[in-house]
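Since the structure comes first, as structure tokens, the remarks are kept for the end.
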Amino acid sequence: MISSVVVRSGRIAAACTLGLALSCAERAEPRAQLLLFVDTDTPLFAQLDTQSQASRAAAIDMLHVEILGVNGAVLESRDIVALNVSDWPISFGVVPSGGDARHLSIRLRGLSSGHVPSTDAQTLAASANVIIDRLVEVDVGSGVTARRVTLRGDCMGVRTTFATFGVPATTCVDAAQRHGSPSEGLASVDVDEPRATLAGSWALAIEAPCTAPAPEGAVCIPGGVSVLGELSLAGFSDGLTGWDPVPLRPAALSPFYLDRVEITVGRVRGLVKAQRVDPPPASAPGPFGECQWLGEDDAKNDAMPMNCVSQKVAESVCSALGGTLPSEAQWEHAARGRGEGNRYPWGSMEPECCSAAFGATSATYGDCPDATIAAAGVHTNSPCEGPHDVSRDGVADLAGNLSEWMRDAFAPYDAPCWPEGITLDPRCADPTLASEVSRGGDFASPVWQLAASLRFTPGSLPRATQGFRCAYPGSPP
Amino acid sequence: MIRGAIARRIGVAALVSSGCGGSADPRPQWLVRVSTDAVTPQFADRLRLEVVDDEAAPCAACVHQIGVDATSSPSFGVLPPASGKSPRVRAILFRADQQGPDGKPQGEAHWDMLGRLPALDGVTRVSFRLPMSCFGVLADPASDSSCDPATRALIETPTLRSESALVPGSWSEARSVDCASAPPADMACIPGGAYLMGSRSAVSASASDATFPEHLVGLSPFFLDVHEVTVGDVRKLLASGALDPTFAPQVRDPNPNAFAGACSYLGPDDPTNDAFSVDCIGWESAKAVCEARGLRLPSEAEWEYAARNELEQTTFPWGSDPDICAHAVVGLGRSNALTDAKTNENGACRSAADGTVLPPGPVAGGSPLDKTRRGIQDMGGSVAEWVADRVQLYTEACWQTTELLLVNPICDTASPELGDQRSIRGGRWNQFPYFANGVRRFARVSADFAPGIGVRCAKSP
């Protein structure tokens, strides 16, 4: 009911007000200029209301345009907020100026204002992992040269490199050409043709269901795009027991299965009795209480989550079950709402003591002094005013009870072990790094450690606060 | 700033009758011009317009969102519904960072107003004003009520008329008011104005860290120390007799693992650490140091206003670059809080990604990159700073008002929740980098002193 005049005028407006062209697209002067139509295949926030299967983390809402001079200097820059489907493709004209009157070099960066808090040069550089960075080089003829370029979600985080000493510039054109030429991928367009946007068509950002049968006790976490990390929690780590959840890091996830609850003593006992894993070594109680393992013949703690395990023991149990430990990307995808960017597995509400098993530490932060290790999954259904420790897919105890081992090596998000740009199922696999990551709070954690983006390492000692759950393939091999 | 400029133009683009857009659609429709006198984009950078039917739900094609900025008053065309009845329009003006998973702003620090469209007469132009006086007074579509700009009360949804648009940024309280006189040596003028104190949401390490909800604060101009008070400054005050020796800082304990083992002050006659920011002083001492200089402690609201660059409301004193370790003297403790409870020092910034390891301890002169637009140094790190206020949660009485904004607030009442403590602001060399964020707060009882907690002084012109 909002009139289409408004909607269609977005195109005209961008063209006539960007200031790059001196006239409106419809009344273009005959002098040489580029009329650029910038589209995207990422979802837009406006589409998320109606397309719940699109990943919020993949959406962009802004285009940062820079007109570059012959030496790569920024001659002019503009931000264009483009929230509605009808705002895309964004079009504007650029008139060549200066010495090289035919060659135009334009840097386009598609971004989400939620992931990139500002468009000053420093912030853009610090946020490069989550920006779709596209360099366009065009030689214009006389009159209007119209070109269309699509910012591809597959290019998120892939760096543009500029020409130096005879090495040509590279830019991500699409998944097949992550370091392609800036003059590639530009389609000619007829300015009078109506144009539809590709927004929302990026395959990786569309919810992908599991196709393999479900392993016992596991739930499907559909595939999609997540952005790992949380800007507002920058500075919450100490570099020894945790790394900051910045810079942000994009991840595309295949569908996978994840254990609904942490691996229990009962499950491990079953595997030991079937001689599929070695009996766990007996451990001394740590500073936060008793180890749950009472030997392979004692069923008393079968409903309790298995604690006091090293990452190696956890990995062997998952292997015996036909899975692996989850990667950080898998765990965070599951725990933050599959691209919703939630702070906690249940959403954004602050937890109450009955929401999850946490807060037993008495020394500094005794948030919930009565907390103890709890039977697996009991916090999904406690008589509680506040939220419950259960994710949108039904996974329990991600926030509290026990911290959980990951497969990844313990390294900051800007360490070289992480792949450049968005990739499918990324993880940090650096065998030279001595320790592995643990995710999620535990019954002894202060409340702030329940934030699902935070990254910890518990060191090598098996602790009473440390447990695990396993991940399994979501599609047949 | 550029972001805003373009956003506005996109907004203007939606104006059907604007120069470049060519001819207006000739069909009968309402042209709704939305305007505000708020400072944009600082108080709002997104506008969502909905056409709401009598069941109070927007129809699928009746939601449009645009970016707004410094001078926008965008127009929207609204076509008449099939029923022939005049619909209501709902305008929600907010910031992108307030957006929840449903795409709508969370909390109350935004505008949400309803207006009924008048009878249609060809192309009918109406003005939909979102004044500052209605900030935080949210409409209730179910009961058909919206904010009355004159009283800030909810009244029956008014019918929109043709009237002049508000001019963005024209809200009088936000005008920058310069100091009437030149600043004293080594101080800078922080012009008066208004800002949104606090943050939309924040994980907090403990209750006194909670930085929400946001609230509007108005401040008179004031002078603020460019640097934190140093050991040398305090020794001079002691030597001249301006500062009573009972207010001297705690002297460093020769045992480095003792609680006072990292204090910067070495005694009245030892100039070794003169260039370091003074720490290990309690609130009374901090106050006395400022008074001995003819100055006062800044209020908590003043401190945050200066650290976040006033109306710019930046995340950090230096702007928004999230690389805290690169900018501020923080996370340079000897060990970390979780393994060494005795010294309780965080070392997050000591090991750089390239493998180099920085020495622990404070840095004389702080960090040149930890600087606000007015040149105030080390509000992000170095030492944290006592402020004048007793701490209260932002949900407690000190921070509440029925008026639109709190003017020059200073809280001097103990918190029912947190007890009688004084607020402390800013990051420090031996703590989490997290505290470099300009909204962060913590508190101690006034007699407490600790390594990394010092003082900076202010003065009213």
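Chains as they are written, first to last, in the working numbering: chain A, 1187 to 1663; chain B, 2 to 462.
Yeah, the Cβ is synthetic: ideal placement off N, Cα and C, and Gly gets one too.
Just to confirm, is the Cβ distance from residue 1661 of chain A to residue 1625 of chain A under 8 Å?
Going by C-beta atoms, residue 1661 of chain A is not nearer than 8 Å to residue 1625 of chain A.
Could you tell me the boundaries of the beta strand (DSSP E) in which residue 1455 of chain A lies?
If you look at residue 1455 of chain A, you'll find it isn't in any beta strand (DSSP E); it sits in the alpha helix (DSSP H) that goes 1451-1459.
Per-residue contacts from residue 316 of chain B into chain A (C-beta, under 8 Å)
The contacting residues are 1303.
Residues bridged to residue 173 of chain B [DSSP beta-bridge criterion]:
Per DSSP, residue 173 of chain B has no beta bridge partner at all.
Using a Cβ-Cβ cut-off of less than 9 Å, list which residues of the segment 1397-1411 of chain A approach chain B; keep chain order.
For the segment 1397-1411 of chain A, no residue has a beta-carbon sitting nearer than 9 Å to a beta-carbon of chain B.
One question on the structure: do residue 1562 of chain A and residue 1448 of chain A come within less than 8 Å of each other, judged by their Cβ atoms?
Taking 8 Å as the Cβ cut-off, residue 1562 of chain A and residue 1448 of chain A qualify as a contacting pair.
Should residue 178 of chain B be labelled buried (16 or more other beta-carbon atoms within 10 Å of its own) or exposed?
Its Cβ having fewer than 16 others within 10 Å, residue 178 of chain B is exposed.
Contact the segment 1635-1651 of chain A vs the segment 1410-1426 of chain A: 3+ CB pairs below 8 Å:
In this structure the segment 1635-1651 of chain A lies against the segment 1410-1426 of chain A, because at least three pairs of beta carbons, one per stretch, are closer than 8 Å.
Taking the continuous beta strand (DSSP E) assigned at residue 448 of chain B, which residues delimit it?
Residue 448 of chain B: not part of any beta strand (DSSP E); DSSP gives it neither H nor E.
Member of A/1239, A/1234, A/1237, A/1228 whose CA lies at the smallest distance from the CA of residue 1249 of chain A:
Looking at the Cα atoms, A/1228 is the closest of the given residues.
For residue 1270 of chain A, decide whether its Cβ has a neighbour in chain B, counting only Cβ atoms nearer than 8 Å.
Taking Cβ atoms only, chain B reaches closer than 8 Å to residue 1270 of chain A, which makes this a yes.
For chain A, is any of its Cβ atoms less than 8 Å away from the one on residue 129 of chain B?
By this cut-off, residue 129 of chain B is not an interface position.
Give a yes or no on whether 8 Å exceeds the smallest Cβ distance from residue 1655 of chain A to chain B.
No, its Cβ sits nowhere closer than 8 Å to a Cβ of chain B.
To the nearest angstrom, how far is it from the Cα of residue 1380 of chain A to the Cα of residue 1274 of chain A?
Note on geometry: alpha-carbon atoms of residue 1380 of chain A and residue 1274 of chain A lie some 12 Å from one another.
Using three-state DSSP, classify residue 1271 of chain A as helix, strand or coil.
In the three-state DSSP reduction, residue 1271 of chain A falls in the helix class (H, G or I).
Terminal residues of the continuous alpha helix (DSSP H) containing residue 1499 of chain A?
Residues 1497-1506.
For the beta strand (DSSP E) containing residue 194 of chain B, name the first residue and the last one.
Here the beta strand (DSSP E) through residue 194 of chain B covers 194-198.
Option in B/235, B/41, B/281, B/327 with minimal Cα separation from residue 290 of chain B
The residue with the shortest Cα to Cα distance from residue 290 of chain B is B/235.
According to DSSP, is residue 1253 of chain A part of a helix, a strand, or is it coil?
Strand at residue 1253 of chain A.
Determine the contact status of residue 437 of chain B and residue 317 of chain B, defining contact as a CB-CB distance below 8 Å.
Between residue 437 of chain B and residue 317 of chain B, the gap from beta carbon to beta carbon is short of 8 Å.
Per DSSP, what kind of secondary structure is residue 380 of chain B in: helix, strand or coil?
Here DSSP, grouped into helix, strand and coil, assigns residue 380 of chain B to coil.
Name the residues in the segment 1220-1242 of chain A whose C-beta lies less than 9 Å from a C-beta of chain B; which are they?
Residues of the segment 1220-1242 of chain A with a C-beta atom less than 9 Å from some C-beta of chain B are 1231, 1232, 1234, 1235, 1236, 1242, listed in chain order.
Which chain A residues are close to residue 189 of chain B, counting only those with a beta carbon under 7 Å from its beta carbon?
What residue 189 of chain B touches in chain A: nothing, since even the nearest Cβ is about 22 Å away.
With distances taken from CA atoms, which of B/269, B/196, B/415 is nearest residue 391 of chain B?
Cα-wise, what sits closest to residue 391 of chain B is B/415.
Is it buried or exposed, residue 1634 of chain A, if we count other Cβ atoms within 10 angstroms and call 16 or more buried?
Result: buried.
Residue 452 of chain B versus chain A: which residues are under 9 Å apart at the beta carbon?
None at all; the shortest Cβ gap to chain A is about 17 Å.
What residues from the segment 1482-1515 of chain A come within 8 Å of chain B, judged by C-beta to C-beta, listed N to C?
Residues: none.
Using the beta-carbon count (16 or more within 10 Å), is residue 1223 of chain A buried or exposed?
Buried.
Residue 1595 of chain A to residue 1512 of chain A span [Cα, whole Å]
Going from the Cα of residue 1595 of chain A to the Cα of residue 1512 of chain A covers about 12 Å.
I'd like to confirm the pairing. Which residues does DSSP put opposite residue 223 of chain B in its beta bridges?
According to DSSP, residue 223 of chain B shares a beta bridge with B/191.
In terms of DSSP beta bridges, what is residue 1428 of chain A paired with?
Paired residue(s): A/1642.
Could you check if residue 301 of chain B is buried or exposed, using at least 16 other CB atoms within 10 Å of its CB as the buried criterion?
Within a 10 Å sphere around the beta-carbon of residue 301 of chain B sit 16 or more other beta-carbons, which makes this residue buried.
Which bits of chain B does residue 1432 of chain A rub up against, with CB to CB less than 7 Å?
Per Cβ cutoff of 7 Å: 323.
Inter-stretch contact (C-beta, 8 Å, three-pair minimum) for the segment 29-37 of chain B and the segment 1229-1242 of chain A
The segment 29-37 of chain B is not in contact with the segment 1229-1242 of chain A.
Closest Cβ-Cβ distance between residue 1254 of chain A and chain B: below 8 Å?
So no, residue 1254 of chain A is outside the interface.
Check the Cβ-Cβ distances between residue 1306 of chain A and every residue of chain B, and say whether any is below 8 Å.
Yes, contact with chain B.
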